[in-house]
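Numbering (this note's numbering), first residue to last: -10 to 273.
Heads up, the thing below is written out as structure tokens.
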Amino acid sequence: MKITVIPNLTKENARQVTLEICCELKSLGAECLLPDSCKEEFNSTKALFLPEEEALDLCDMVIAVGGDGSILYAAKKAMNHGKAVLGINAGRLAFMAGLERHELKMLKNLFTGEYTVEKRMLLAAEIRRDGKPIFSDLCINDAVVMRSASVNIIGFSVFSGQNLMNDYLGDGIIFATPTGSTAYSLSAGGPVVDPQIESIVLTPICAHSLFSRSIIVGSDEELTVIKTSGGDMSLICDGIETKIPEDCCAYIKKASETAEFISIKNETFIDVLKTKLEKSGGSS
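Here you go:
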């Protein structure tokens, strides 16, 4: 079995965790592939160092080492190559991680078939002009329509199909998947949604309104954001920003594609949520 390991070496513990992963995989008879940018750090592991895209193409699955941002990066890369990803936490909370550092012995489950692959809903986000897309991207966590840095606030309307949902005045709005409900949307006051419940979470950002609560809509809704006042705004897909031209709007819906996450532990979403809340000091 070939397994590509993608570490985020900016994380304090990522180097040591990656060394431990490579050692464990080698003991299990796996061939460990690493991006060639990591060769200096991990030359002692006897891993095969390849350009990242080649390593992703050749492997059977992907292991991401870091926090949620690192796992998100690797998951998008893996998705483009039709591979599933297992996140291993080398950060703090990492809601997307399937294993913690002290659980690396459970990697043997990858070789005995004692794991499941969860298909997670994605968002398809577009910038449209006259109904035609001029930009598109897929989002595992969220698509955010937001004012540009030089702009104070923006006014915008959100439509579901042809029906007006609400008018907003503020910094923008987050469209989150259930997976992304524990990310930016949660920080902005949004709800946590079980990934098995396919839906889209709309969370306003710093809304100047008496109504600034999140709205959860079904995954079949097709949503459009049209600016009504203010300066420039952008579409931010999983952290990557693209300016929205003045004569364009943002369009968000459920994607036909999915991202695949490996689950080794027999945990429910509630189990994971409780553990992470306790770790963050949010539960007693």
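Don't be surprised by glycine CBs; every beta carbon is placed ideally from N, CA and C.
{"Asked": "Which residue spans inside the segment 80 to 111 form an unbroken alpha helix (DSSP H) run of at least 4?", "Found": "98 to 101"}
{"Asked": "Residue 179 and residue 222 - do their beta-carbons sit closer together than 8 angstroms?", "Found": "no"}
{"Asked": "Could you give the DSSP three-state label for residue 202: helix, strand or coil?", "Found": "coil"}
{"Asked": "Just the C-alpha distance for residue 258 and residue 54, rounded to the nearest angstrom, thanks.", "Found": "21 angstroms"}
{"Asked": "Contact check, residue 131 vs residue 67 under 8 angstroms by CB: the rounded distance?", "Found": "With 8 angstroms as the limit, residue 131 and residue 67 do not qualify as a contact, their Cβ atoms being about 19 angstroms apart."}
{"Asked": "Would you kindly work out how many angstroms separate the C-alpha atoms of residue 124 and residue 113, rounded to a whole number?", "Found": "11 angstroms"}
{"Asked": "If you count every other CB in all the chains shown that lies within 10 Å of the CB of residue 109, and 16 or more means buried, which is it?", "Found": "buried"}
{"Asked": "How would you call residue 226, buried or exposed, if buried means at least 16 neighbouring beta carbons within 10 angstroms?", "Found": "buried"}
{"Asked": "Indicate the three-state DSSP secondary structure (helix, strand or coil) for residue 165 in the structure shown.", "Found": "strand"}
{"Asked": "When the Cα atoms are used, what is the spatial distance from residue 191 to residue 163?", "Found": "6 angstroms"}
{"Asked": "Flag this pair as touching only if the segment 72 to 80 and the segment 42 to 59 have three or more C-beta atom pairs under 8 angstroms; answer yes or no.", "Found": "yes"}
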